[in-house]
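The sequence shown runs -17 to -1, 1 to 384 under mature numbering (1 follows the signal peptide of the UniProt record, and there is no 0).
Ideal Cβ positions, reconstructed from N, Cα and C, are used throughout, including at glycine.
Just so you know, these numbers come straight off a predicted model, no measurement behind them.
Data block below; observations after.
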Amino acid sequence: MVFSILILSAFVPRVLCSLVNRMDHDLLIANNSNFDSLVISPRAKTPTSAFFYSAKDKNIKKLINYTMDIVAKDLKGVYPIYTVDCDQPANTAICKRQLNNANTPQLIVYPVLPQPQYFFKGKLDDKDQIIGTLLSHIPSNVEVIPYGGYPLFMTNMEVVPKVLLVTDKEKPSWIYKALSNSFKNSLIFGFFKSKEHSDIVSKYNIKKFPWLAVIKNNKPHIYNGEMKFQPLFDWLNIYSETYIKGNDIATNQVDITPKPWKFEQIPQLTHESQHDICFRDTSKGLCVIYLTTKLTQADKNMLIDVSNEFSSKIKGRGASFRWMWLNCEEEAKFKNVFNVTKLPSLVVLNPHKRLRYIALDGFANKENITKLIEKIQMGEAKFTTIPGGKLPDFTVVRSEL
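What follows is the structure, given as structure tokens:
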């Protein structure tokens, strides 16, 4: 009986023990039957790689355990590294097809299509060289925001949460690029150079860099953990909303028209912005309208200073104020309604129920504007009713509401 078993065992295909296993390694395992689905098919959206080896290769255990597996651990969740054991008879076909007569060991890089796959040409025992090569193929969905581009960025598909990275670096790190690729269907990633975006630094009271936050429903959620891929991924996953972007926006008929005025410190009052910044039914604030033909940077800074001063003084009490400007060269009718004869000037409009306003008495400088706001706060201001109870239509119409 024993003799029979020995004879039979000689005809049973021998299954070799692989040098890579899921329990001890961060390297992934592919074989002839699943190679296309794991390595080839994903290339439509993300890069992959495969390490082909044989137990006969020189120093292969050291190469696997102390180079390739460490690289796989460092890039876990970022860039997949599959291994193919070419000693396994079942893998003969895939090894032959992919290696094309090249000897093992080989690392083949599979960039996002249509870029061709290629053999890694560096040293296989150089972890940094391998990591650098692989990371160079990570797609980036990061938007590098230019100076003044914050409002437009925030209203690009406004319903989608925004990720803000404010840093003193010149370009996004591979971690941020990889995260933008992982969440490309649920979050929009912005990169802000701190030296170009002092307004953002001031707005969010940023004290040190890098600073990262998710803005969701107009509320900032600030990240306080390590700037490493996995903890960042886990944290961002809390705020991601896959159902929002892409086809769901069209399906749900969500308005994705950019509305930068909703995030500008001193927005322009126009036909398109009027309801968002002044005539909202749900708000009880007053509209502080700076009347001019062009808003200079000096004008803007002055208005921001006054608005910030009163925001800190009246927080939680009294009337709230929303600050904006109106181009009276384009909209001359408004100047007449407010009985303004000289520009620049300023009016405070109560847009609720009966339309009423009070005009600035004197030159439109910080001192006079401050006195007017204080007068309103103390209840000593006398508002004038708009004749006919209606403001004129805007002359310039850039788009239908």
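Query, Result
"So D288 and K349 are supposed to be a Cβ contact under 8 Å. How far apart are they, rounded?", "7 Å"
"According to DSSP, simplified to helix, strand and coil, what is K365?", "coil"
"Kindly identify the DSSP beta-bridge partner or partners of H204.", "V197"
"According to DSSP, is D344 helix, strand or coil?", "coil"
"Going by Cα to Cα distance, which pick from D282, E247 and A196 is closest to K145?", "A196"
"Return the Cβ separation of R26 and Y93 in integer angstroms, given the expectation that the two are a contact with Cβ distance under 8 Å.", "5 Å"
"Which residues in the same chain as T138 place their Cβ atom closer than 7 Å to its Cβ, once the five residues preceding and following it in sequence are excluded?", "P241, K242, P243, K245 and F246"
"Should the region 65 to 72 be regarded as contacting the region 120 to 137, the criterion being three or more beta carbon pairs within less than 8 Å?", "no"
"What are the boundary residues of the alpha helix (DSSP H) that M137 is part of?", "Y133 to M137"
"DSSP on N230, reduced to helix/strand/coil?", "Unreliable placement is indicated for N230, whose pLDDT of 49 sits below 50; the coordinate value is still reported in the next sentence. In this structure, N230 counts as helix in the three-state DSSP scheme."
"Sort out for me which residues DSSP pairs S32 with in a bridge.", "I64 and V92"
"Is it the case that the Cβ atoms of I249 and L286 are separated by a distance below 8 Å?", "yes"
"Hey, S177 and F192 are a contact pair by Cβ (cut 8 Å); roughly how many whole angstroms apart?", "6 Å"
"Classify M51 as buried or exposed, calling it buried when 16 or more other Cβ atoms lie within 10 Å of its own Cβ.", "buried"
"Between P375 and V331, is the Cβ-Cβ spacing less than 8 Å?", "no"
"Quick check: the Cα distance between residue 447 and S185, rounded to an integer number of angstroms?", "Because the chain is modelled from -17 through 384, residue 447 falls outside the range shown and cannot be assessed."
"For I23, name the three-state secondary structure that DSSP assigns.", "helix"
"Does DSSP put G371 in a helix, in a strand, or in coil?", "helix"
"Under three-state DSSP, which class holds Y130?", "coil"
"What residues match up with W244 in a beta bridge as DSSP calls it?", "In the DSSP output, where bridge partners are listed per residue, W244 has none listed."
"Just the C-alpha distance for G345 and G362, rounded to the nearest angstrom, thanks.", "20 Å"
"List the endpoints of the continuous alpha helix (DSSP H) containing S328.", "Counting along the chain, S328 falls outside any alpha helix (DSSP H), though it belongs to the beta strand (DSSP E) covering S328 to N333."
"What span of residues does the alpha helix (DSSP H) with I189 cover, start to end?", "I189 -> no alpha helix (DSSP H), and no H or E assigned at all."
"Along the beta strand (DSSP E) that carries K145, what are the first and last residues, could you check?", "K145 to T150"
"Do W194 and G208 have their C-beta atoms within less than 8 Å of each other?", "no"
"Tell me C270's beta-bridge partners as DSSP assigns them.", "R305 and L332"
"Cα separation between I171 and E292?", "33 Å"
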